[in-house]
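Student: Protein chains in written order, with the UniProt record's numbering: chain A, 1 to 168; chain B, 1 to 168.
Protein chains: 2
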Amino acid sequence: MELAAAKLKFIEAWGKLGSEWGINRTMAQVHALLLISPDALTTEEIMEELSISRGNANMTLRDLIGWGLIEKQHKAGERKEYFFADKDVWNIARQVAKERKKRELEPVLKVLNELSAVSGDEKDPAFKTFKKSVKDINKLAGNVDKTLETMLKAEESWFWGSVLKAFK
Amino acid sequence: MELAAAKLKFIEAWGKLGSEWGINRTMAQVHALLLISPDALTTEEIMEELSISRGNANMTLRDLIGWGLIEKQHKAGERKEYFFADKDVWNIARQVAKERKKRELEPVLKVLNELSAVSGDEKDPAFKTFKKSVKDINKLAGNVDKTLETMLKAEESWFWGSVLKAFK
DNA sequence: TTAAACTTTCAATAATTTTTGAAAGTTTAT
DNA sequence: ATAAACTTTCAAAAATTATTGAAAGTTTAA
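Here's what the structure looks like:
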């Protein structure tokens, strides 16, 4: 396969994966484009490459900056803003994990903790089932949380080395 | 908090989390409802409880069966179908991991492998950057895959015991 | 200060996803 | 065979989410 076709396929696959996991397709595609681009690109170039409007490009780029996945770059003597993606895949994974933990997991954990304090009749099957589910989910979520915390602080090789050795 | 209010809050939170992770909100809510219900419920009861239409309830229940999260139950002498959810949270986590791996991760891994075979000029920065990204993502995905494989086969206590011990 | 170059905003529109509900289909009992 | 009880389908409608593009805003250079 030629590079040009491969790029398109990569961008498409990344966009699809993103949308299946609750991330805007265009945002994933812009990220993919910057990830495989050796140089920083302008809004203009991104609009062109992905056939999207100026407004869409601008909003998507701001979102990606908000996710900590891309940065602005300024070139000497030029007014235009250039954008580039962190190319370190482990950093990307950690950044996504960090943001989703903060935006989505933590609010749910907060609710689950509030729900742990539900009051009712210990003899009522509905009450017992509810409490057990909340408790079990809390326990699982706690383990996920600890693992993510470790991941966020860890070097890639140490992290996977530890995990995979543990499964020997 | 009273049980009735707590149930509503749980169903709402589960629905929100689902939708943020690419799972239909109603599907997550129906799952939440069955998860905290000590008995199997009929389509009628689910429609009533969540204020959704018959068609929606039927489709959602079929989807949940497809995900391996709920099952039909037949009661002696009754025509109606009853639905109940597996209450084991570790089983649920494994089932979701298994399905998403199959439906979403594996197709992407397939594409990434095809993209590894891209041909081009080794001196071209665009080519080098593309290959490196694909290679790095492949490596990360491979580690995720191994970890998921282990998770799918493992008992909860062994799995988390191993993981958390590794991070000591 | 002016104007050109560039970025941001946001109301309107388009696209996608979800839901409805009535009709069609199926199963069971008599 | 019939009818009641129940399930499934799917075209149309509603709701949600994403995108456009022109106008407004900002920055820089002369």
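Beta carbons: idealized from backbone N, C-alpha and C, even for Gly.
Please check if any C-beta of chain A sits within less than 7 angstroms of the C-beta of residue 118 of chain B.
Tutor: yes
Student: If I measure Cβ to Cβ from residue 72 of chain B and keep anything under 8 angstroms in the same chain, skipping five residues before and after, which residues do I get?
Tutor: The beta carbon of residue 72 of chain B lies closer than 8 angstroms to those of 65, 81, 82 and 83 in the same chain, with the five residues before and after it left out.
Student: Please confirm whether residue 108 of chain B and residue 109 of chain A have their CB atoms less than 7 angstroms apart.
Tutor: no
Student: Report buried or exposed for residue 31 of chain A, applying the criterion of at least 16 other Cβ atoms within 10 angstroms of its Cβ.
Tutor: buried
Student: Could you tell me whether the region 33-53 of chain A touches the region 94-102 of chain A, where touching means 3 or more Cβ pairs closer than 8 angstroms?
Tutor: no
Student: So that I know if they touch, is there some Cβ in chain A lying closer than 7 angstroms to that of residue 50 of chain B?
Tutor: no
Student: Please confirm whether residue 140 of chain B has its beta-carbon closer than 7 angstroms to some beta-carbon of chain A.
Tutor: yes
Student: Is there a C-beta anywhere in chain B that falls below 7 angstroms from the one on residue 160 of chain A?
Tutor: yes
Student: Determine, using beta carbons only, whether residue 22 of chain B comes closer than 7 angstroms to chain A.
Tutor: yes
Student: Sort B:11, B:36 and B:168 by Cα distance to residue 125 of chain A and report the nearest one.
Tutor: B:36
Student: Can you check DSSP and say which residues form a bridge with residue 70 of chain A?
Tutor: A:85
Student: Is there contact between the region 84-93 of chain B and the region 127-136 of chain A, where contact requires at least three CB pairs shorter than 8 angstroms?
Tutor: yes
Student: Does any C-beta atom of chain A lie closer than 7 angstroms to the C-beta of residue 63 of chain B?
Tutor: no
Student: Please work out which residues of its chain come closer than 7 angstroms, Cβ to Cβ, to residue 34 of chain B, disregarding the five sequence neighbours upstream and downstream, and give them in chain order.
Tutor: 41, 70, 83, 84 and 85
Student: Considering just the uninterrupted stretch of the alpha helix (DSSP H) at residue 113 of chain A, what are its terminal residues?
Tutor: Bounds of the alpha helix (DSSP H) holding residue 113 of chain A are 106-116.
Student: Counting only Cβ pairs nearer than 7 angstroms, list the residues of chain B close to residue 9 of chain A.
Tutor: 111 and 115
Student: Give every residue of the same chain whose Cβ lies closer than 8 angstroms to the Cβ of residue 171 of chain B, excluding the five residues on either side of it in the sequence, and list them in chain order.
Tutor: A question about residue 171 of chain B goes unanswered here, because the residues of chain B that appear run from 1 up to 168.
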